[in-house]
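Encoded as structure tokens, the structure appears first; notes follow it.
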Amino acid sequence: MVRTIALASGLLLALGVAACSDPAAKAKADADARAAKVAKAEQRETAAKVARNVKCLSALRWQSAALGSAGIGPVKLYTDHYRDELAKVIGDTTIAADPPAPALNKASVDAYLDWAYPEDVKTLFTAGKDADGDGTVSGKERSAQGFSTVLACIQFVAEMGKGPLAGKDKVGRMYRIQDLRTRLRDKDA
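For the sequence shown, the working numbering assigns the number 43 to the initial residue and increments by one for each residue that follows.
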């Protein structure tokens with residue numbers, strides 16, 4: 043057994059030295075490693091963009107009733123923005139997902155969002171903790187993270203130049219977002 047391991051490690055060492063002494067093989071190995079690293083980085087970036095857009099679509103769906111009367115324009119304006127961004131990220135590819143999630147492509151966006159929504163509400167939007175130390179988690183504390191997500195998504199679209207909150211008046215937008223934050227916080231989700 044020891045002799046086999048010694049022979050195998052000697053053979054691997056010899057192959058490694060041989061590969062290093064061949065400049066073309068080394069260059070090919072380096073190029074393959076760089077290509078694999080770039081592909082992995084692109085996959086991570088795509089996954090992050092998909093997650094961000096899906097999270098915002100779920101957040102807007104979660105608070106659509108409250109947002110409809112909040113004076114920020116139609117909720118569809120915001121959901122259309124994130125749907126367009128999601129479509130750009132997906133392109134013509136199909137993104138595989140671990141079951142029970144459906145694979146994500148242009149044709150299955152609605153099915154994927156319907157699958158993601160309940161999980162996002164449970165784990166992202168209503169998973170708050172006791173913030174004031176009284177030993178209980180109130181509805182406001184439970185939903186605080188979700189409200190922050192909703193507001194960040196709305197603010198992002200406004201900063202992209204869409205909707206009634208868009209424009210150069212950043213201070214005015216900040217006050218309107220803060221007013222919306224107060225409205226959402228004052229109601230229990």
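Where a beta carbon is used, it is the ideal one built from N, C-alpha and C, also for glycine.
- Query: Taking the alpha-carbon positions, what's the Leu-166 to Ala-145 distance?
  - Reply: 21 Å
- Evaluate contact between the segment 105-114 and the segment 219-228, counting only Cβ atoms and requiring at least three cross-stretch pairs below 8 Å. yes
- Item | Span separating the alpha-carbon of Gly-113 from that of Val-213 | 17 Å
- Task: Compute the Euclidean distance between the alpha carbons of Glu-127 and Leu-119, then round it to the nearest angstrom.
- Result: 13 Å
- Query: Does the segment 176-186 come within contact of the segment 78-91, defined as at least 3 CB pairs closer than 8 Å?
  - Reply: no
- For Asp-211, name the three-state secondary structure that DSSP assigns. coil
- Task: Would you list the residues sitting across from Ile-137 in a DSSP beta bridge?
- Result: Leu-146
- Could you check if Tyr-217 is buried or exposed, using at least 16 other CB atoms within 10 Å of its CB as the buried criterion? exposed
- Message: Against chain C, with Cβ distances strictly below 7 Å, would Asp-211 count as a contact?
- Response: The structure shown has no chain C; it contains just one protein chain.
- Output the boundary residues of the alpha helix (DSSP H) element that contains Cys-193. The sequence given here has Leu at residue 193, not Cys. Unbroken alpha helix (DSSP H) run through Leu-193: 181-201.
- Would you kindly report the start and end of the unbroken alpha helix (DSSP H) that includes Gly-110? 106-110
- Pull up the distance between the alpha-carbon of Ile-132 and that of Val-151, whole angstroms please. 10 Å
- Give the straight-line distance between the Cα atoms of Leu-251 and Leu-226, rounded to the nearest whole angstrom. Any answer about residue 251 is impossible in this case: the structure gives the chain only from 43 up to 231.
- Span of the alpha helix (DSSP H), counted from its first residue to its last, around Leu-155: 151-162
- May I have the straight-line CA-CA distance separating Tyr-124 from Asp-172, to the nearest angstrom? 31 Å
- How is the alpha helix (DSSP H) around Asp-122 delimited, first residue to last? 117-132
- Report the rounded CA-to-CA distance for Ala-73 versus Ala-67, giving the unit in angstroms. 10 Å
- Since Ala-194 and Arg-215 are thought to touch, with beta carbons under 8 Å apart, how far apart are those beta carbons, to the nearest angstrom? About 13 Å separates the two Cβ atoms, so there is no contact after all.
- Neighbour-count burial assignment, Gly-188, 16 or more Cβ in a 10 Å radius: buried
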